[in-house]
Amino acid sequence: MTETDVEKLKLMVVDDEPDNLELLYRTFRRDFQVYKANHAMKALEILDKEGEMAVIISDQRMPEMNGTEFLSLTVERFPDTTRILLTGFTDVEDLVDAINSGQVFKYITKPWKPDRLKEIVEQAADAYQLVKKRTQELRRALRRESLFNAVTTAIRESLDYSSMLEKIVATIGQSFKTSYCLLRPVESNCLTADEFSYLDPQITYSCEFFDASSLIEQVLETRHYQHSLYNKNDNPCYQLAVPLIYQQHLLAVLALYETGRDQPWQDEDIQLITGVAEQAALALSQAKLYQRLQEKQQQIRAELEIARQIQNNLLRQSLPDIKGVKVQACCYPAREVGGDFFEVFVHPKGDLWLAVGDVSGKGVPAALFMASAISVLRRELSQETPAMPNMVIQNLNKALGDDLISSNCFITLILARYTPSTRELVYANAGHIYPLLWSRETDIDNPQHLKIRSIPLGILPKWQADFGQLFLAPKDILLFTSDGITEAMVATKTCVPENSVNGFKSNHRSMLHLDGLWQLLQQETQPLSLNHLLARIQADNNIQEDDQTILSLEVF
């Protein structure tokens with residue numbers, strides 16, 4: 356931002372402390388059009404009068420309405436505005452609320468460093484300008500798409516490529532009320548022998564009356580529209596030849612003829628015709644590529660199957676045999692590849708590390724982050740003396756956080772270290788489902804949920820949380836799951852009169868949740884089989900909506 360900018364961006368500062376407000380104003384008045392407000396209602400009045408701001412900087416603690424509430428009121432009216440929150444505290448819940456309801460770009464704690472604040476505001480202004488640019492591009496694309504839809508609607512009844520060409524030439528000829536319209540397909544920059552034409556029924560001339568071979572040849576050479584005027588039988592005849600080009604490929608040449616006009620086509624007419632020709636080229640290209648796409652779909656399916664096998668090979672294919680415990684794990688992606696993963700790692704010093712993670716989203720993007728997460732996790736666990744689980748997760752966030760935030764993704768993860776000699780379990784949870792502990796020695800009727808948990812990876816630049824610690828007893832079963840398990844839709848069964856089958860009937864479908872998983876776990880025969888448990892869950896799901904991963908640790 357410099358003083359030489361033609362037009363400065365608008366920036367609003369909102370703070371109930373006069374000194375802070377004046378300081379913010381002086382900091383940015385040279386680079387922005389700065390508007391000041393000492394409370395939220397005044398800020399809303401300024402927005403009503405001045406319109407959209409590029410950046411809004413708001414204090415959190417203000418009378419009548421706090422910063423989070425104020426910023427949330429601006430989201431719907433000004434979605435492109437970049438918002439910055441000033442706060443004197445760092446409570447995670449307030450920050451999450453600000454990010455969710457106010458769409459806050461950054462938060463800054465008081466007192467702030469001037470250089471850091473300027474840097475963040477410059478980033479916010481750049482983000483605003485980028486959003487504006489992309490919004491304009493999107494609007495242009497939508498207009499183009501609307502015109503494309505209009506053309507494809509006219510030719511939708513076409514059954515093949517040839518019938519589509521016939522429909523295009525007839526539609527354009529009728530729409531522009533031409534005397535004669537000719538379409539010549541092009542292959543490898545050469546005209547084909549095919550011709551598709553439209554002749555106005557009111558014209559008494561035959562097709563031979565109109566000859567545009569010279570004009571069409573010029574279009575082939577120049578790839579630009581050509582037009583001319585000539586007299587035939589004392590009748591003025593106007594010709595216009597337009598290339599149909601899609602992605603620099605010349606697909607056809609369209610020639611239009613008009614007799615009896617008072618004047619040749621104006622620039623506006625030519626632009627409209629060339630614009631429609633461009634949209635027709637899109638439809639032609641789609642029709643031409645349809646068969647090739649059909650062939651490529653099969654190739655894509657084969658490649659995705661290879662990707663599925665590669666991703667599956669990233670997971671442990673065989674689980675360790677450790678005296679005194681049994682580990683089981685299953686992972687089923689909803690698509691060919693997914694974002695769920697598990698890890699079972701035996702450290703040379705004897706500790707057993709267990710993890711289940713879930714990358715937001717599905718498909719290939721989630722799978723790429725899943726592969727990165729496993730790679731970094733194994734690197735951390737392979738250290739001579741691995742850190743505590745919460746510090747390992749912190750290191751993962753440091754390694755992957757920037758990429759996650761820039762891609763608008765996050766990862767939930769539960770990581771535990773089990774020491775067989777002492778039966779000690781130390782765990783840390785980054786926004787994942789609570790682990791379920793079934794301790795049949797102490798309380799066989801109630802599960803224990805390990806509830807120490809923090810936010811997922813990729814939310815804040817620095818992740819930090821406490822770890823949980825407990826000791827397992829013989830016959831204890833520890834279960835880690837992803838939300839694809841707990842959010843699976845299952846049939847709820849209720850007791851009915853004895854004439855029904857098995858005394859139960861299916862009543863309605865609902866999410867399994869942890870309570871439902873606990874009930875299924877109690878009904879399982881011993882020793883526990885995760886494959887059997889998962890088969891019971893999947894039996895009620897015709898379509899798997901999400902990746903499903905489950906891992907168990909059973910102590911003997």
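If you read the sequence shown in our numbering, its first letter stands for residue 356, the second for the next number, and so on. By construction, the Cβ of each residue, glycine as well, lies at the ideal position given by its N, Cα and C atoms. Here the structure is a predicted model, which means the values were calculated and not measured.
Among the options, whose alpha-carbon lies nearest the alpha-carbon of residue i?
| i | options | result |
| --- | --- | --- |
| Gln683 | Val910, Glu900, Asp414 and Ala689 | Val910 |
| Ser583 | Glu576, Ile571, Leu575 and Asp589 | Ile571 |
| Leu906 | Arg891, Ala894, Gln738 and Ser884 | Ser884 |
| Ala783 | Asn745, Thr777 and Leu599 | Asn745 |
| Gln626 | Arg778, Leu595, Arg772 and Thr614 | Leu595 |
| Leu889 | Leu875, Glu474 and Gln881 | Leu875 |
| Ile814 | Pro703, Pro418, Pro556 and Ile766 | Ile766 |
| Val719 | Trp708, Arg438 and Gln666 | Gln666 |
| His863 | Ala846, Glu879, Gln877 and Gly871 | Ala846 |
| Asp589 | Asp901, Gly615 and Lys397 | Gly615 |
| Ser569 | Gln881, Lys468 and Gln581 | Gln581 |
Taking a contact to mean a Cβ-Cβ separation below 9 Å, would you say residue i touches residue j in this structure?
| i | j | result |
| --- | --- | --- |
| Cys764 | Ala726 | no |
| Leu537 | Leu611 | yes |
| Leu768 | Ala785 | yes |
| Tyr390 | Lys365 | yes |
| Ser534 | Tyr560 | yes |
| Lys395 | Asn421 | Sequence inspection shows Ala at residue 395; the Lys mentioned does not correspond to that position. Their beta carbons are under 9 Å apart, which means Ala395 touches Asn421 by this criterion. |
| Leu770 | Thr836 | no |
| Val631 | Ser530 | yes |
| Ile463 | Thr442 | yes |
| Leu426 | Val459 | yes |
| Tyr773 | Leu827 | yes |
| Leu825 | Pro775 | no |
| Leu812 | Leu908 | no |
| Lys830 | Arg778 | no |
| Phe383 | Lys473 | yes |
| Val524 | Ser543 | no |
Go through its chain and collect everything with a Cβ distance to residue i's Cβ below 6 Å, but skip five positions before and after it.
| i | result |
| --- | --- |
| Met866 | Glu842 |
| Arg671 | Val699 |
| Gln899 | Ala689 |
| Gly823 | Tyr782, Leu805 and Ile807 |
| Lys817 | none |
Excluding five sequence neighbours on each side, which residues of the same chain lie with their C-beta closer than 8 Å to the C-beta of residue i?
| i | result |
| --- | --- |
| Leu402 | Met367, Met408, Thr429, Arg432 and Phe433 |
| Val731 | Asn750, Leu751, Ala754 and Leu755 |
| Ala567 | Leu537, Gln594, Ala596, Ala610 and Tyr612 |
| Leu606 | Pro540, Val541, Leu599, Ile600, Ala636, Leu639, Ser640 and Lys643 |
| Phe724 | Gly694, Val714, Leu755, Asp758, Leu759, Ser762, Cys764 and Ile766 |
| Arg663 | Pro688, Glu691 and Val692 |
| Val680 | Leu707, Tyr773, Pro775, Leu908, Glu909, Val910 and Phe911 |
Would you list the residues sitting across from residue i in a DSSP beta bridge?
| i | result |
| --- | --- |
| Ala392 | Val369 |
| Ile766 | Val714 and Leu812 |
| Ala783 | Leu770 |
| Ala638 | DSSP, once it has assigned bridges, lists no residue as partnering Ala638. |
| Asn896 | None; Asn896 has no bridge partner. |
| Glu613 | Tyr593 |
| Val845 | Ser865 |
| His804 | Leu791 |
| Trp708 | Phe700 and Arg772 |
| Glu915 | No statement about residue 915 is possible, as the shown extent of the chain runs from 356 to 911 and does not include it. |
| Glu542 | Cys545 |
For residue i, I'd like the list of residues in its chain whose CB is within less than 7 Å of its CB, leaving aside the five on either flank, ordered along the chain.
| i | result |
| --- | --- |
| Tyr716 | Before going on, a small fix: residue 716 reads as Gly here, not Tyr. Result list for Gly716: Gly694 and Cys764, in chain order. |
| Glu550 | Leu537 and Arg539 |
| Asn886 | Cys685 |
| Asn897 | none |
| Ala710 | Phe697, Glu698, Leu732, Leu768, Ile769 and Leu770 |
| Asn854 | With a pLDDT of 49 at Asn854, under the threshold of 50, the modelled position of that residue is not reliable, and no figure is offered here. |
| Asp821 | Asn745 and Ile807 |
| Asp622 | none |
Which residues mark the beginning and the end of the beta strand (DSSP E) in which residue i is found?
| i | result |
| --- | --- |
| Gly823 | Gly823 to Phe826 |
| Ser737 | Looking at the DSSP string, Ser737 is not in any beta strand (DSSP E), and its letter there is neither H nor E. |
| Val747 | Not the beta strand (DSSP E): Val747 falls in the alpha helix (DSSP H), residues Pro744 to Ser761. |
| Trp793 | Leu791 to Trp793 |
| Thr904 | Gln903 to Val910 |
| Phe433 | Segment: none, Phe433 is in no beta strand (DSSP E) and carries neither H nor E. |
| Val692 | Here Val692 belongs to no beta strand (DSSP E), and DSSP marks it neither H nor E. |
| Thr464 | Val459 to Thr464 |
| Ser552 | Phe551 to Leu554 |
| Leu833 | Ile832 to Thr836 |
Would you say residue i touches the ligand FMN, meaning its beta carbon is less than 8 Å from a heavy atom?
| i | result |
| --- | --- |
| Glu572 | This structure does not include the ligand FMN; it has no bound ligands of any sort. |
In terms of residue numbering, what span does the alpha helix (DSSP H) encompassing residue i cover?
| i | result |
| --- | --- |
| Leu441 | Per DSSP, Leu441 belongs to no alpha helix (DSSP H); it is in the beta strand (DSSP E), Thr437 to Thr442. |
| His868 | His868 to Gln878 |
| Ile600 | Note, Ile600: premise wrong, no alpha helix (DSSP H); beta strand (DSSP E) at Asn590 to Tyr601. |
| Glu698 | No alpha helix (DSSP H) holds Glu698; the beta strand (DSSP E) holding it covers Asp695 to Val701. |
| Thr533 | From DSSP, Thr533 is part of no alpha helix (DSSP H); its letter is neither H nor E. |
Counting only beta-carbon separations shorter than 9 Å, does residue i have a partner in chain B?
| i | result |
| --- | --- |
| Ile814 | Judged by its chain identifiers, the structure shown contains no chain B, having just a single protein chain. |
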